[in-house]
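First up is the structure itself, then whatever we jot down about it.
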RNA sequence: GGGCGGUUAGCUCAGUGGUAGAGCAUCGGCCUUACAAGCCGGGGGUCGCAGGUUCGAAACCUGCACCGCCCACCA
């Protein structure tokens, strides 16, 4: 069969993926017997656009999922998307803004309809992009966090946690985003360094004269000040808060407002900061909130939901925080109370979704008590029920859970799971229930309204491994596939997601939701920078796939995914992976070229009757099978990828294909043997490669498939049996050694020729003589063990095939005309020095009593052998040098 | 302020106690009927710095420097 000269990745991707789906290869069946391997995908946001983080994540998952499936596991990889409450709502709001509208103009119902429309339009986009990568999910089981079943799980969990007393309602200081107009959890606040100012403001005492100067970065919040604090040990202020060893209170008249507020001492105040005096705004600052509680201060909220000054702000009412700040500073200056302004670098909290500076606000919200659940999650990991890879992430996990605060789970958004809490309009009685109650159990009133708030999007994500499998129903899927085998995700959502799944899983099923957690590194650009839209350094995986093919993208990401490292992109690597795909493709062309007229399938051949080279490559294949599957088991994707690369390119292509040319030409038994080995190795190799490069492997495998002799041979690679190494090594120990020496000797000959300046370009003729092993001996004393072949006359033009023959033979080489003995002599001398140095090192070691008594015996033998080899090499190099000098 | 990770060839990275490695780049030589997206070869590294442990350290320990990240209520 004729194959085109280069591999067309695009057409292969389109053809095979659809076919695999149509044939149902990725469909999981809980009724099927066998060991289970189950994974739920970290659901991308519906608004999402595929980025390299997804590509890495999905590639690695697909590698292990495809491997397990081929290994015969009952495999489920469940895909889906997350409604991503705040993110999606923002995206749709932005879309609306283009039409000059905002969500309030639409109203809640119309807005939510609009988001659903958005979801219809874009929700599948990212999943299609994952398919483009070749993700072998069971696409018939696709889930969405707002699906009916998943929503029921959310409701059940909320109601249960409420009845257990773990969910409660409380008025606390929370993070408020004035743009999104919702509460945020601590995790949803990013911290950003900004250059602001430190305003020094004089706060006059209420009685008598004088004032205390406070320093603040937020003068506008002074409208809500209800106290001023100093450190009680601060000499400057001690007399103001202490008298005769007893605390006293000095009263301050708040400028611009006129309210009287107390001055008090507190250990929380840092004497060295600013003036050592702190204005206290309990309703708008976390530290001040604590001070307000301990000092029993008044809590005044000065901002409305949009961050504007509210009705308590008097003349400043209606101003934004920025406007209020300007105006207040100006007014203070006019009043002569502004002492000075210093530039000051500090960090502010911003909404991680819209970058708006968040406002700490006093607000009544729903909270989830975390302590007990967190302790259980910690214990589960400590007990080894769940293991992180790499292990160090466990410490990050522990650290967060140990210091966990209660989780603010309510959001004042419109897009998400509505909180199943209801209130009787008549008597204000609160009812938390799965179904809307028709009557108030307290007053029998029928006017009942549901809580307007929705749940934090991570509340439903936290149930993902359970809810997607049908929980709380006891479905066959849930029974069979929960707990899942592996969670593969990025470290950035360990807190948001991994920890919460652990806690919910343990709380509701008494089981960890996953046995292993593989944490992927962060993908960075070529300069090592995090890829963000604002930096404009985002590399689109779709572009990469178009340029290099999906296989090359997957393979490269696997190669770069060393544990514990950031992934840094390198276009060279993608290009190299594409070249690799093409290399395999061309190897396939070679094989097919040489199968003309061969029977289908090829008749089985006794391993023992095969030639040495044939048995050698089979032996190397066995090693590779072991190494690749072990590496995958250990989640060392980069190691597995490198082993495959090395074997396929540098052993199979560079060596075996060259070695096979001779027997293929010879016909008869040698040809049949070589053909069988080519097909056999290629087959196994493609099966190993398939999880990494599904498309090129399938494309080729289909072509060679008719020649494969296997009972019940699978129709396609995704369901083909994963290779296992042969029970017995096809090579004897002696043969293995000989073959390795053969390769080394060949490389040595090449090296020698280069070293001595006999470049292939000079077209020297080498005469290969059976029986005379001088030249090889020179380089490798153990070359004596090489197999003997018939004498050949070959044109030594630098071809691997020719050298393969050289390696099989004993070589004598004559110097060409015009050979520069001087240059050769210098190079040889350098080589000799090098070898001498190594030999001396070894000799010193061997004569060192401490080494001989303390090193383990194996090492001693090894060193002794190496020393002997070096000695022999030195002797022969000297001899060669002597000869050269003689001839010169 | 606490914690984590990194520092190995020009670049991107493997290497966890025994002669410093790979890919890419570079240089020299090859169009050789699978593949020039290829083949053969060369050059290039006091393994961030300083101590320590050890017969032996890139690797283990201590300290330091620089880069990056995470957590934290310094106004």
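Residue numbers (the working numbering): 7 to 894.
Just so you know, even glycine gets a beta-carbon here, dropped at the ideal spot from N, CA and C.
As the structure is a computational prediction, the values presented were derived from the model and not from experiment.
query = Quick one, which of 707, 731, 730 has its alpha-carbon nearest residue 720's?
reply = 707
task = Quick one: grab the DSSP three-state call for residue 417.
result = The answer is strand: DSSP assigns residue 417 an E or B state.
query = Using CA coordinates, which residue listed in 120, 418, 151 is at the minimum distance from residue 46?
reply = 151
request  = Give the straight-line distance between the Cα atoms of residue 211 and residue 436, rounded to the nearest whole angstrom.
outcome  = Approximately 46 Å between the Cα atoms of the pair.
inquiry  = So for residue 787, helix, strand or coil by DSSP?
reply    = Here the model assigns residue 787 a pLDDT of 26, short of 50, so the residue's position is not dependable, and the following value carries that caveat. Helix.
7 Å Cβ cutoff met for residue 206 and residue 355 = No.
inquiry  = When you compare the CB positions of residue 935 and residue 74, do they come within less than 7 Å of one another, or not?
reply    = In the structure displayed, the chain extends from 7 to 894; residue 935 sits before or after that span and is not available.
query = Out of curiosity, what's the CA-to-CA distance linking residue 310 and residue 480?
reply = 46 Å
ask   = In whole angstroms, what separates the C-alpha of residue 426 from that of residue 628?
value = 59 Å
task = In the DSSP assignment, find the alpha helix (DSSP H) that holds residue 119 and state where it starts and stops.
result = 114-128
task = Note down, in chain order, each residue of its chain lying with its Cβ closer than 8 Å to the Cβ of residue 350, except the 5 sequence neighbours on either side.
result = Excluding residues within five positions, the ones whose Cβ falls inside 8 Å are 201, 202, 203, 204, 223.
task = Would you list, in sequence order, the uninterrupted beta strand (DSSP E) runs of no fewer than 3 residues that lie entirely inside the region 175-243?
result = 188-190, 195-210, 217-222, 233-236
task = Pick helix, strand or coil for residue 3, following the three-state DSSP scheme.
result = The question about residue 3 has no answer here: the residues shown for the chain are numbered 7 through 894.
ask   = Just to confirm, are residue 303 and residue 232 a CB contact at a threshold of 7 Å?
value = yes
query = residue 456 by DSSP, collapsed to three states: which one?
reply = strand
Residue from 670, 48, 103, 94 whose Cα sits closest to the Cα of residue 128 = 94
message = Tell me which residues share the same chain as residue 346 and place their Cβ nearer than 6 Å to its Cβ, disregarding the 5 neighbours each side in the sequence.
response = 206
request  = Could you spell out where the alpha helix (DSSP H) holding residue 257 opens and where it closes?
outcome  = Unbroken run through residue 257 is the beta strand (DSSP E), 256-259; no alpha helix (DSSP H).
task = Verify whether the separation of the beta carbon atoms of residue 294 and residue 286 is less than 7 Å.
result = It is a contact, given that the beta carbons lie within the stated cut-off.
query = Under 7 Å between the Cβ atoms of residue 67 and residue 694?
reply = no
ask   = For residue 411, is the classification buried or exposed, using 16 other Cβ atoms within 10 angstroms of its Cβ as the cut-off for buried?
value = exposed
query = Ends of the beta strand (DSSP E) at residue 355?
reply = 344-357
key: Chain-order list of residues whose beta-carbon lies under 6 Å from that of residue 624 (same chain, five-residue window excluded)   = So the list reads 736, once near-sequence residues are dropped.
ask   = Is it the case that the Cβ atoms of residue 92 and residue 359 are separated by a distance below 7 Å?
value = Yes, these two residues count as a Cβ contact at 7 Å.
ask   = With respect to the beta strand (DSSP E) encompassing residue 373, which residues constitute its N-terminal and C-terminal limits?
value = 365-374
Sub-7 Å separation of residue 56 and residue 135 beta-carbons = yes
ask   = Three or more C-beta pairs closer than 8 Å, one from the region 657-669 and one from the region 680-699: is that the case here?
value = yes
message = What residue range does the beta strand (DSSP E) around residue 438 cover?
response = 436-438
key: Range of the contiguous beta strand (DSSP E) that encloses residue 66   = Premise fails: residue 66 lies in the alpha helix (DSSP H), 58-76, not in any beta strand (DSSP E).
ask   = Taking Cβ to Cβ, would you say residue 561 is nearer than 7 Å to residue 583?
value = yes
task = Starting from residue 400, trace the alpha helix (DSSP H) both ways and give me its first and last residue.
result = Looking at the DSSP string, the run of the alpha helix (DSSP H) that includes residue 400 is 399-408.
Where residue 319 falls, given that 16 or more other Cβ within 10 Å makes a residue buried = buried
ask   = In chain order, which continuous runs of the alpha helix (DSSP H) of length 4 or greater are located wholly inside the region 658-699?
value = 664-672, 674-695
inquiry  = Just list the residues that DSSP pairs residue 248 with in beta bridges.
reply    = Partner(s): 253.
Cα-Cα separation, residue 390 to residue 715 = The C-alpha of residue 390 lies about 44 Å from the C-alpha of residue 715.
Residue 465, DSSP secondary structure in three states = helix
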